[in-house]
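So the structure is just underneath, and the comments pick up after that.
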Amino acid sequence: MPASTPYVQVLDIEQTLAELNATVEALRQERDDLEIALTTAVEHGDAIEQQLETANRQLQGEVRERRMIEKQLRHLVTTITQKSRDLEMVLQTITEHADQIDLHWLARYIESENAARHDALTGLANRRLLDETMEREWARARRQQQPLAMLLCDVDNFKPYNDCYGHPTGDECLKRLAGMLKGALRREGDLVARYGGEEFILLLPNTDETGAMRVAHGIQQTLSELDIRHERAPLGRITFSIGVAATIPDSDDEGELFAEVDRRLYLAKQQGRNRIVGSTDQTTGEDIHERGARGDQDDSAGPEHRVP
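Taking the UniProt record's numbering, the leading residue of the sequence shown gets 1, the next gets one more, and so forth.
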């Protein structure tokens, strides 16, 4: 065994040298890679920084979107939970008192609930039902990023009409107008409500402003064809002033749309009544009346005002 020791030592030295050479070569390669990286950073530093900023903004946007979705989901879960609790209470009451429930009482209860959400004179939705529907449709439009449109219609010179013909005739006039507005709606999701006095609101989900303007034009033309006489009005008949607005919601405040459509109705009244005012388009009711009298084709009632 002692005779083989020098040979073993030579092998150890050669192996150690080989390992050192490999280590040195690896260090050289790392140095070369580092030099390339540093050169690239110096030459393209601005581009790299811009890419990092872009990636950071994208990440922040994804975080904000995720938080918004989480907030909407929490609100939806809360709403569903509350509705479920309310339903459970009703079902529990019915179950506990099934033998005592009077079908006539139940019918009266349903009738009273319906009356609480509808205008007694016109049968249209009232402010309560409008607010409930608006809250639901606003949340849906925001969640799905779809447009929501609103028309605010005001009967021009209605006080002189009441003074001239009497309140009973005024009530009949409002009923006719309510029926005409209901006929202007083509989808189950649309809503027309009596907003107060001689004002009416139409709520149109999945409808942009161009589509809402078409609906408004159709209303003006139909109203001119109804030709409800009003001897104290400039044109001798009942006319509407209409404000039109639409938006894709980006906040929880549905009051934004109410405020904007009210502002545009004010402009319509200020500019002489009997007209439609949107963000850019302004049309007088007399223009529409004249087109109808000439027999011009009006496509305002067509289905194309809907967003698929």
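Glycine included, each C-beta is placed from N, C-alpha and C at the ideal position.
Nonlocal neighbours in the same chain, by C-beta distance under 8 Å from residue i, ignoring five residues either side
i, result
"H75", "A139"
"A259", "none"
"Y266", "G243"
Where residue i falls: helix, strand or coil (DSSP)
i, result
"H118", "strand"
"P205", "strand"
"T247", "strand"
"R306", "Low confidence applies to R306: its pLDDT is 49, below 50, so where it sits in the model is not reliable enough to give any reading."
"A18", "helix"
"R187", "coil"
"L267", "helix"
"M235", "Looking at the sequence itself, residue 235 is Leu, so the reference to Met does not match. Residue state, collapsed to three classes: coil."
"residue 314", "Summary: the structure shown does not reach residue 314, with the chain confined to residues 1 through 308, and so no result is reported for it."
"L257", "helix"
"D262", "helix"
"G61", "helix"
"I36", "helix"
"R136", "helix"
"D171", "helix"
"E199", "strand"
"D298", "Because the pLDDT of D298 is 45, which lies under 50, any placement of that residue in the model is unreliable, and the question is left without a value."
"I242", "strand"
"M1", "Residue placement at M1 is poorly supported in this model, since its pLDDT is 47, which falls under 50; the coordinates still yield a value, given next. Coil at M1, not helix or strand."
"L148", "strand"
"D227", "coil"
"D154", "strand"
"G292", "Confidence at G292 is low in this model, with a pLDDT of 49, below 50, so its placement is unreliable and the value that follows should be read with caution. Helix."
Residue nearest to residue i in terms of C-alpha spacing, selected from the options
i, options, result
"P205", "D190, Y266, C173", "D190"
"V192", "R28, H217, R127", "R127"
"D154", "Q60, R142, G61, I238", "I238"
"K182", "G236, G123, A37", "G123"
"E172", "R229, L34, E132", "R229"
"G179", "L152, L223, T210, N114", "L223"
"F200", "L152, L87, L27, T93", "L152"
"R194", "A120, T79, F240", "A120"
"A212", "L226, I242, G197", "I242"
Inter-residue CB distance, residue i and residue j (contact presumed, cutoff 8 Å)
i, j, result
"R264", "G278", "7 Å"
"L148", "L257", "7 Å"
"D156", "N274", "6 Å"
Neighbourhood of residue i by C-beta, 6 Å cutoff - its chain only, sequence neighbours within 5 removed
i, result
"M134", "E254"
"R142", "P249"
"R294", "In this prediction, R294 scores a pLDDT of 44, lower than 50, which makes its location untrustworthy; no coordinate-derived value is stated."
"K269", "S241"
"Q72", "R143"
"T16", "none"
"A216", "L151, I242, V244, I276"
"F158", "E198"
Residues of its chain near residue i, where Cβ-Cβ distance is below 7 Å and the 5 sequence neighbours each way are ignored
i, result
"E137", "L148, L203, P205"
Quiz item: Quick check: the stretch 160 to 167 against the stretch 185 to 195, are there 3 or more CB pairs under 8 Å?
Solution: no
Quiz prompt | Stretch pair the stretch 198 to 217 + the stretch 241 to 249: three plus CB contacts closer than 8 Å | solution = yes
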